[in-house]
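K.L.:
There are 2 protein chains.
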Amino acid sequence: MTISAANIQTIAFDADDTLWRNEDIFIHAQDEFINLLLPYHDENYVRSHLAEVQIENLQHFGYGIKGFTLSMIETAIELTEGRITGSEIHEIMQLAKCMLSSPVELLPNVAKVLSALQGEYRLLVITKGDLLDQESKLARSGIADQFDTIEIVSNKTADAYQQILQRHAIFVENFLMVGNSLKSDILPVLDIGAQALHIPYHSTWEHEQVTDYTLLRYPQLASLRDIEQLLDWLQQPSFDNHKAIL
Amino acid sequence: MTISAANIQTIAFDADDTLWRNEDIFIHAQDEFINLLLPYHDENYVRSHLAEVQIENLQHFGYGIKGFTLSMIETAIELTEGRITGSEIHEIMQLAKCMLSSPVELLPNVAKVLSALQGEYRLLVITKGDLLDQESKLARSGIADQFDTIEIVSNKTADAYQQILQRHAIFVENFLMVGNSLKSDILPVLDIGAQALHIPYHSTWEHEQVTDYTLLRYPQLASLRDIEQLLDWLQQPSFDNHKAIL
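Chains as they are written, first to last, in the numbering used here: chain A, 1 to 246; chain B, 247 to 492.
As structure tokens, then:
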């Protein structure tokens, strides 16, 4: 199967861990949280219980820092059988505010890539998480103006992508999604018949990981540093997408 | 100044406390929260401190149940100087989950009003709050299909309305917003030169209240029960908007 990059007119970028660092902020907060609970339980136990509570709570709270914070609080209460103190929970609240005000650190070459693509392609951001938090990060990123449209969704399903394409009158054959998460940015986009370019991030939240690699039917780029390769690829009349670019 | 209702082609409805009951859920949760803290402080003190924390936290957490829950937890910790127990905070977490799964109770005549307007007008929902929570309420409301477009925003500013109108190629003179909050649904819409119809709800969150009524330049309807009056009003060639309909 080959896909044609020559047809691409719209390029949508995931935001967290594609345009800017994000997972590191969660990893750091999680480490602080584990330190807080070390007097009660060992690291692995805390880590795995937090992961369970988080996944269970996605249906209630969705993605984002507020839901993550509520899950940390719930985990702390459960793992201490209610013995956690108000002051310790106060520290978790402080972690949340710290996460929300973390500086937005663009990944290497993002600004350069966007400048190169602007004018040639219609550029979108498609991101999931808390509305206010994602808007605030975009505003602080300094790159919001480079995009024609910003779409913040609660979950990146095939259906969510289809609705976005429909809303903006984009044909699947003209659409490319670029992102770090196979589960959110790549597989649902391939499912609707559009194209996707995977740029792995050095760490990906376990929940976002896909273990079935038998369907490796998307191209991959090591990082946005490789802008020349991205641009080359976009100009190719057709591309064998079984083969990773790098 | 008169406005012409005859030009209206698009009608946007606020959701919380316009299409379905919402503030009651917050009031109930707040009462439970106050009961929880009564062993530490008197009712008025808890109530006013929670309101302060909530307003202060809007910049971090935005509108919605998750932010409200984090504010309840923060208030509980502050007012007990950290003496609140893990089990008591667990009760606050349970309040949150209870709020999130509350049944969506449509206000009287909503379904009838929407049926009467459908086909004649382009119908939108414009609501603010948590993305997942608002989507979930719309899905559970049973009326989502009656709307052409759903817009969930982090804050209802004049700028937010302007962006929505621009995105959907709606001219201000053809746009009517219907809602219960002067601050969110009426004043910013009048500011951009569009029209707004106020349907007060029996209780409005203090933060949403506007005290400067000197600019009463919008029509008001006692409830959506008055559908005939709404439809009559929409068919009038011009309307003196200094005068409330009811």
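Quick reminder that beta carbons are idealized off the backbone N, C-alpha and C, glycines included. These numbers come from a predicted model, not from an experiment.
(1) Leaving out five residues before and five after residue 33(A) in sequence, what residues of the same chain have Cβ atoms less than 6 Å from its Cβ?
(2) Would you give the residue range spanned by the alpha helix (DSSP H) that residue 386(B) belongs to?
(3) Which chain A residues are close to residue 339(B), counting only those with a beta carbon under 8 Å from its beta carbon?
(4) Strictly below 9 Å CB to CB, what residues from chain A border residue 326(B)?
(5) Along chain B, in chain order, which residues have C-beta atoms closer than 8 Å to that of residue 135(A)?
(6) Whose C-beta lies closer than 7 Å to the C-beta of residue 41(A) among residues of the same chain, with five residues either side of it excluded?
(7) Assign residue 14(A) to one of two classes, buried (16 or more other C-beta atoms within 10 Å of its C-beta) or exposed (fewer than that).
(8) If you draw a straight line from the alpha carbon of residue 430(B) to that of residue 26(A), how long is it in whole angstroms?
(9) Is DSSP giving residue 195(A) helix, strand or coil here?
(10) How do the segment 358-365 of chain B and the segment 376-383 of chain B stand: do at least 3 beta-carbon pairs fall below 8 Å, yes or no?
(11) Decide yes or no for the touch test of the segment 329-341 of chain B against the segment 157-169 of chain A: beta carbon pairs closer than 8 Å, at least 3 of them.
(12) Quickly, what does DSSP pair residue 409(B) with across the bridge? List them, please.
(13) So, under 8 Å CB-CB, residue 253(B) and residue 262(B) are touching, yes? Tell me the CB distance rounded to an integer number of Å.
(14) Could you pull out every unbroken alpha helix (DSSP H) segment of at least 4 residues lying fully inside the segment 5-64 of chain A, listed in chain order?
(15) By the 7 Å beta-carbon criterion, what residues does the segment 15-36 of chain A contribute toward chain D?
(16) For the beta strand (DSSP E) holding residue 179(A), just list the boundary residues, first then last.
(17) Quick one: which unbroken beta strand (DSSP E) runs of 3-plus residues sit fully inside the segment 74-156 of chain A? Chain order, please.
(18) Identify the contact partners of residue 60(A) in chain B, using a Cβ-Cβ distance below 7 Å as the criterion.
(19) What is the rounded straight-line gap between the Cα of residue 148(A) and the Cα of residue 427(B)?
(20) I need the straight-line Cα distance from residue 166(A) to residue 367(B), nearest angstrom please.
(21) If we count the other Cβ atoms within 10 Å of its Cβ and call it buried at 16 or more, is residue 54(A) buried or exposed?
(22) Determine the chain B residues that contact residue 83(A) at a beta-carbon separation under 7 Å, and present them in chain order.
(23) Using the beta-carbon count (16 or more within 10 Å), is residue 45(A) buried or exposed?
(24) Tell me which same chain residues have a C-beta within less than 8 Å of the C-beta of residue 320(B), skipping the five on either side of it?
(25) Excluding the five sequence neighbours on either side, which residues of its own chain have a C-beta within less than 6 Å of the C-beta of residue 423(B), listed in chain order?
P.N.:
In short:
(1) Working through the first sequence from its first residue, we reach residue 33(A) at position 33. Answer for residue 33(A): 72, listed in chain order.
(2) As a working mapping, residue 386(B) is identified with position 140 in the second sequence. Counting along the chain, the alpha helix (DSSP H) containing residue 386(B) begins and ends at 377-387.
(3) The residue labelled residue 339(B) in the question sits at position 93 within the second sequence. The answer, in chain order, is 70, 73, 74, 77.
(4) The residue you call residue 326(B) lines up with position 80 of the second sequence. Within 9 Å Cβ-Cβ: 86.
(5) Here residue 135(A) corresponds to residue number 135 of the first sequence, with the count starting at 1. Within chain B, the residues near residue 135(A) are 400.
(6) As a position in the first sequence, residue 41(A) is number 41, starting the count at 1. Answer for residue 41(A): 79, listed in chain order.
(7) What you label residue 14(A) is simply residue 14 of the first sequence in a count that begins at 1. Burial call: buried.
(8) To locate residue 430(B), count along the second sequence from 1; it is residue 184. To locate residue 26(A), count along the first sequence from 1; it is residue 26. Each residue's alpha carbon lies about 33 Å from the other.
(9) Counting from one through the first sequence, the residue named residue 195(A) turns up at place 195. In this structure, residue 195(A) counts as strand in the three-state DSSP scheme.
(10) no
(11) no
(12) Position 163 of the second sequence, counting from 1, holds the residue named residue 409(B). Paired residue(s): none; residue 409(B) is not in a bridge.
(13) As a first step, residue 253(B) must be located in the second sequence, where it is residue number 7. As a first step, residue 262(B) must be located in the second sequence, where it is residue number 16. About 28 Å; that fails the 8 Å criterion.
(14) 23-37, 43-61
(15) Here chain D cannot be found, since the structure's protein chains are A and B.
(16) Numbered from its first residue, the first sequence carries residue 179(A) at position 179. Where residue 179(A) is concerned, the enclosing beta strand (DSSP E) stretches over 175-179.
(17) 122-128, 149-153
(18) Taking the first residue of the first sequence as position 1, residue 60(A) is located at position 60. Neighbours of residue 60(A) on chain B, chain order: 343, 346.
(19) Residue numbering aside, residue 148(A) sits at position 148 when the first sequence is read from its first letter. Residue numbering aside, residue 427(B) sits at position 181 when the second sequence is read from its first letter. Taking the straight line from one Cα to the other gives about 31 Å.
(20) Here residue 166(A) is taken as the residue at index 166 of the first sequence, counted from 1. Here residue 367(B) is taken as the residue at index 121 of the second sequence, counted from 1. Each residue's alpha carbon lies about 21 Å from the other.
(21) For this step, residue 54(A) is matched to residue 54 along the first sequence. It counts as buried.
(22) The residue labelled residue 83(A) in the question sits at position 83 within the first sequence. Going along chain B in sequence order, the residues near residue 83(A) (Cβ under 7 Å) are 332.
(23) Position 45 of the first sequence, counting from 1, holds the residue named residue 45(A). Classification of residue 45(A): exposed, given that the 10 Å Cβ count is below 16.
(24) Taking the first residue of the second sequence as position 1, residue 320(B) is located at position 74. Taken in chain order, the residues that qualify are 299, 303.
(25) The residue you call residue 423(B) lines up with position 177 of the second sequence. Within the same chain, residue 423(B) has close Cβ partners 258, 431, 435, 442.
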